[in-house]
Amino acid sequence: MARLGVNIDHVATIRQARGGMEPDPVAAAAIAELAGADGITIHLREDRRHIQDRDLKILRQTVRTRLNLEMAAAGEMINIALAVKPDMCTLVPEKRQELTTEGGLDVRINMESIAGAVDRLQGGGVIVSLFIDPDPDQVKAANKVGADYVEIHTGSFAESKDWKSEEQELRKIENAVKLAAKLGMGVNAGHGLNYSNIKKMASLGGIEEFNIGHAIISRAVLVGLERAVKDMVELVKYA
Ligand code: PXP
């Protein structure tokens, strides 16, 4: 059975909008775990636009399932990961201007630097996953640099405009999953997965963990709004 890793970056995004303490991603992680999440995923970006160093440190102490840290393969980030020791590090490409991670890592082109990052992290006892597009050459390159896992980027599947291209993207992902497994790597997947498209992806088989953020936090806002308004109405009317 596949596992669900809940990405809580957007909780921190709301907090950072006011620069205060609320909502705290540490509390969100605890609620996600109580609801059955198998893991918590956070992305510590170089520009610290959402998750902060303080969140990572506290989450390392409080997460009871597994903590997956997404980060760029940069020296500063590797030092932080080696100090905090998350259960898994998922290396992702990072551009300052992007709204979210736009594509997979180009492991083929950046073989040497990624191999160095994988080596350093594994040397510190951290399991390493590489976020890649469902491209057989990238899967092979990930294996060459010694990655324990790949996380297959499901964005093109999720953004497919019609049934035919969705099928094509699904087949690419299926082939990438099979190849990675054949080469002995574990396989995770994520990006753009939501309450409509997850069934097709989850029924592919062979994917250990799905990392999902935007859809879950978006739904939390909508399903939680009624209760939040009722609580405030009560305080305003019956003070
Ligand atoms: N996996 C990786 C590597 C990501 O960068 C992200 C986005 O932060 C996700 C999964 C989750 O994507 P989404 O928020 O679209 O569910």
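In the working numbering, the protein residues as written are 94 to 332. Even for Gly, the Cβ is constructed at its ideal location relative to N, Cα and C.
Exposed unless 16 or more other CB atoms sit within 10 angstroms - verdict on residue i
i	result
E244	buried
Y288	exposed
P229	exposed
N100	buried
I202	exposed
D140	exposed
N172	exposed
M325	exposed
G306	buried
L328	exposed
L127	exposed
E319	exposed
Test item: CB-CB of residue i and residue j under 8 Å
i	j	result
L137	L162	yes
A282	T247	yes
I133	L160	yes
T155	D131	no
M204	C182	no
V336	L198	With the chain represented from 94 up to 332, any question about residue 336 goes unanswered, as that position is not in the structure.
D148	P116	no
V211	G239	yes
A234	V200	yes
A95	I266	no
N236	M278	yes
R153	V177	yes
Local conformation of residue i per DSSP, three classes
i	result
M164	strand
R108	helix
T134	strand
K271	helix
E260	helix
R206	It is Ser, not Arg, that sits at residue 206 in the sequence shown. It is helical.
M294	helix
Q215	helix
P229	helix
A313	helix
I173	helix
H143	coil
Beta-bridge partners of residue i, as assigned by DSSP
i	result
V221	C182
R320	According to DSSP, R320 bridges with nothing at all.
L328	L328 pairs with nothing; no bridge assigned.
A282	I245, F303
L97	F303
7 Å Cβ shell around residue i - same chain, five flanking residues per side excluded
i	result
K293	L263
L272	P229, V232
Cutoff 6 Å; reference residue i; Cβ partners in own chain excluding five residues on either side
i	result
D180	R159, L160
T106	H143
V104	P116, P118, A121
I151	V119
I67	This structure cannot settle anything about residue 67, because the visible part of the chain is limited to 94 through 332.
A378	Outside the modelled stretch of the chain, which goes from 94 to 332, sits residue 378, for which no answer is possible.
Same chain, Cβ closer than 8 Å to residue i, neighbours up to 5 away in sequence not counted
i	result
E252	G285
S206	A166
Q215	V221, G239, D241
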